[in-house]
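What follows is a short report on a single structure.
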Ligand SMILES: Cc1ncc(COP(=O)(O)O)c(C=O)c1O
C-alpha cells in the first residue's frame, strides 16, 4: 500500500481526518522551509505536499502564485528540491508528495524524475495540468518507483470520468472543493456533499478535500464523506504574517 | 495520429476541472458547427458584417522597387481591422448556440479583444476581456474601442503583464465560470480542440486567397506565401489550403524582438525548445529548468513565448519555413508599405511584409503573397514615439 494511504488511514484509526499541509518548496526562504516541514511533521501531518514552483501556475490563486514566484526568484528548482529531500530521507514521519505542473518535470526528464523521487523518499505526485487523457507517460515513468499519481477531481467531474481516474489509483484521491483556483474561501459550495458521496462509491482509496480550506469547523458537515483535508493558501498566509506552522496546526490536532 | 495532436504536438494539458467544458466544446464542434443552421448564419455574418471575401491587392510600386510581384491578402479590410473577427464570430455563434451567455477572451494587441467584443455585441452576449497591464498601455486605442462597445476589461498585473499572463488569468476565470461562459480563445493554440477550431474559422483566408490569386494569374499559384506568427492563427489560416500545393513555399515569420543577443524574442520555433504550456505540447521560450521565459516584440500581438502546435508540427516535417524579423525591420516595413502603397499595416503584419523586403534578392521575379493580418491604426501611438 502506498505510504500516503497508510498515513491517512493511521489518522482515521485515531478518529481524525488526515492532515495534508501544502507549502511551495523554498517558502518562506530556502533555509526556513525545512524548519517549517519539520514543524508540520511534528504537528502530525499525514502527508506533506511540496510545491514545485512554476512560472505559470494556472490552477493556483494569487497567494500560492505569489509564494511560488518568490521561490523561483530565490533559485528554487527541481534539482535542488530532490537533492535536499534526498539528504533528509527517512527524517519525516509524514509521507511526501510533490505537486506541480508538467513542464519542469518534462524538462528534468521523466525517467530521471521517477528515480530521483524514489531516492528522495517521495511517494506521491500531483501534476495540476495533466488530465487522465495525457497521464499515461507520466504514470509509466513514476509508478515503477513507488510514486503514485494522485487523481484530482471536482464538482464537475462525472462519475464516468471519476471511474477513469479510479482505475489503478493509489495513495488518495484529491477532491477539489470549488470550481476555481486554490485560495481560501469563506463558504464552500453546497454540491460538495453529493459529489463526495459519488467519489466514495467510485474510489477505494482515501478521499482528501482541498482548495479553500482554512479551519476544521468547515469540515464538520462532510463527516464520513472524506478522510483528509488539504490546506495551502491559509498556511502560506499564516506563515507570511510571521506565525509558525505549529500554531497553524494547533486547531487541527 | 492521437486525437488532438499534430504529429508530436498538441494535446490537452489542462487541469481536470477544464476537461468538461473542453469536451462540451469538442462535441459542439462536431455537431453544431457542420449544421445547416450554423453554416448559413455564419456565412451571412461573414458577408454582411465582416465584409468577406476580403480583397487581394497587387502592390505595383513596391513590386517595382523590390523586383518581385507582391500581393497582399487584405484581412486588414475586415470589420474591426484584423483576421481575428473570422474566429470570434465563429466561436461566438457556436457558443451562443451552445447556450452560453458570456464570451471570455485574452488579448495581446487588443485586436482579438475588439473582435470578441464585436461578436458579443452582435450576438447579444457579454464580453469579458483579460489584457496584460503593459498591453493595456501600449494598445490604448483598442482598449477604448472595447470599452465603447461594452466589454469588461481586466488588466492583468501578474508575471510579464502581457499575453501569456492574460491567458493564465482567463483560464483561471474560465475554471470558475465554465457553465455560463465560453472561452473564446484568440489563436490557433491552447488545448485541443482550440487549435483545430480556430484553424477551421481562419482557413477561409487561404480558401479565398488561393482562388483570388489563381483568377488574377491565369490559374497559376503563388511562388511564396508569407504570414506572421504569434500564436499562429492568421498563419495557419493563410497556409491551410496551400499545404497540399507542393510548389508553393510557405513562410512563417516570427518576431525576433530587438534582435540583439541576450534580449528576449517572440520566436519559439526558431529559438525555443519543446515543452508544455497553456494546454499544449509545443515549442516554447523557456529555461533549461522548464520555466517560461518572457517574450518581447514591438508587436504586442506577436509577444508570446509559445506557438500553436500545428506550426511546431509543420516545422518538424519541414513543410513551412519559419524565420524571424526584428523590431527595426518590421518598423521599416510599416513605413515602406504606408508610403509606397497607402496601406498602414499592423506591426504584427509588418513582420510578414518585411520578409519580402529583407529577402528581395533571393525572391527576384517571384510572386509573393503576404497575409496582411491587420491594420496599423492601433500602433500609431507606439510609432509616434519611435518615428
Ligand atoms: C493584426 C494581427 N496580426 C497577427 C496577430 C498574431 O496572432 P496570430 O499569430 O494568431 O495570427 C495579431 C494578434 O493580436 C494581430 O492583431
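Residue numbers (this note's numbering), protein chains in the order written: chain A, 1 to 253; chain B, 254 to 640.
Idealized CB from N, CA, C, for every residue including glycine.
- Item | Closer than 8 angstroms to chain B by CB, residue 104 of chain A | yes
- Message: At the 8 angstroms Cβ level, is residue 116 of chain A part of the contact set with chain B, yes or no?
- Response: no
- Query: With burial defined as no fewer than 16 other Cβ atoms inside 10 Å of the residue's Cβ, what is the status of residue 472 of chain B: buried or exposed?
  - Reply: exposed
- What are the uninterrupted segments assigned as beta strand (DSSP E) that are 3 or more residues long and contained completely in the region 263–319 of chain B, given in chain order? 309–311
- Range covered by the alpha helix (DSSP H) that runs through residue 71 of chain A: Counting along the chain, the alpha helix (DSSP H) containing residue 71 of chain A begins and ends at 62–73.
- Task: Count the other C-beta atoms from every protein chain shown that fall within 10 angstroms of the C-beta of residue 349 of chain B, then say buried if there are 16 or more, exposed otherwise.
- Result: buried
- Task: Note down the Cα distance separating residue 440 of chain B from residue 103 of chain A, rounded to an integer number of angstroms.
- Result: 21 angstroms
- Message: I'd like to know if residue 562 of chain B contacts chain A, where contact means its C-beta is closer than 8 angstroms to some C-beta of that chain.
- Response: Answer no: the Cβ-Cβ gap between residue 562 of chain B and chain A never drops below 8 angstroms.
- Item | Any C-beta of chain B under 8 angstroms from that of residue 54 of chain A | yes
- For residue 388 of chain B, the first and last residue of its enclosing alpha helix (DSSP H): Residue 388 of chain B -> alpha helix (DSSP H) spans 386–391.
- Message: Taking the straight line between their C-alpha atoms, what separation do you get for residue 114 of chain A and residue 125 of chain A?
- Response: 10 angstroms
- Task: Ignoring anything shorter than 3 residues or poking outside the region 134–167 of chain A, list the beta strand (DSSP E) runs there in chain order.
- Result: 152–154
- Anyone know if the C-beta pair for residue 94 of chain A and residue 16 of chain A falls short of 8 angstroms? no
- Message: By the three-class DSSP mapping on this structure, what secondary structure does residue 536 of chain B have?
- Response: Residue 536 of chain B falls in the strand class under three-state DSSP.
- Comparing the C-beta of residue 232 of chain A with each C-beta of chain B, is any distance below 8 angstroms? no
- Message: Using a Cβ-based criterion (distance less than 7 angstroms to any ligand heavy atom), does residue 437 of chain B qualify as near ligand 1?
- Response: no
- Inter-stretch contact (C-beta, 8 angstroms, three-pair minimum) for the region 261–273 of chain B and the region 333–347 of chain B: no
- Within the region 461–544 of chain B, ranges of the beta strand (DSSP E) (whole runs, at least 3 residues): 477–481, 502–508, 526–530, 532–537
- chain A contacts made by the region 361–394 of chain B, where a contact means CB separation under 8 angstroms: none
- Message: Nearest by alpha-carbon distance to residue 541 of chain B: which of A:78, A:73, A:31, A:27 is it?
- Response: A:78
- Identify each residue in the region 76–97 of chain A for which the Cβ-Cβ distance to at least one residue of chain B is less than 9 angstroms, and report them in chain order. 77, 78, 79
- Query: For the region 81–126 of chain A, which segments carrying the alpha helix (DSSP H) assignment without a break, of at least 4 residues, lie completely within its bounds, in sequence order?
  - Reply: 102–108, 110–120
- Which residues bound the beta strand (DSSP E) around residue 18 of chain A? 18–24
- Message: I'd like to confirm something about residue 419 of chain B: is its beta-carbon nearer than 7 angstroms to some heavy atom of ligand 1, or not?
- Response: no
- Query: Is residue 505 of chain B close to chain A, meaning its C-beta is less than 8 angstroms from at least one C-beta of that chain?
  - Reply: Answer no: the Cβ-Cβ gap between residue 505 of chain B and chain A never drops below 8 angstroms.
- Task: Say whether chain A places a C-beta atom closer than 8 angstroms to the C-beta of residue 542 of chain B.
- Result: Closer than 8 angstroms to some Cβ of chain A, the Cβ of residue 542 of chain B qualifies, so yes.
- Query: In this structure, what does DSSP give as the bridge partners for residue 324 of chain B?
  - Reply: Under DSSP, residue 324 of chain B takes part in a beta bridge, and its partners are B:311, B:622.
- Applying a beta-carbon distance threshold of less than 7 angstroms, which residues of chain A neighbour residue 483 of chain B? Listed along the chain, the chain A residues whose CB falls inside 7 angstroms of the CB of residue 483 of chain B amount to none; the nearest CB is some 17 angstroms away.
- Boundaries of the beta strand (DSSP E) in which residue 175 of chain A is found, first to last residue: 173–176
- Query: Name the residues in the region 598–616 of chain B whose C-beta lies less than 9 angstroms from a C-beta of chain A; which are they?
  - Reply: none
- Message: Since residue 601 of chain B and residue 571 of chain B should fall inside the 8 angstroms C-beta cutoff, what is the C-beta to C-beta distance between them, to a whole number of angstroms?
- Response: Not quite, the Cβ-Cβ distance comes to about 25 angstroms (not below 8 angstroms), so this is no contact.
- Query: When you compare only the Cα positions, how much space is there between residue 90 of chain A and residue 121 of chain A?
  - Reply: 7 angstroms
- Identify whether residue 400 of chain B lies in helix, strand or coil by the three-state DSSP scheme. helix
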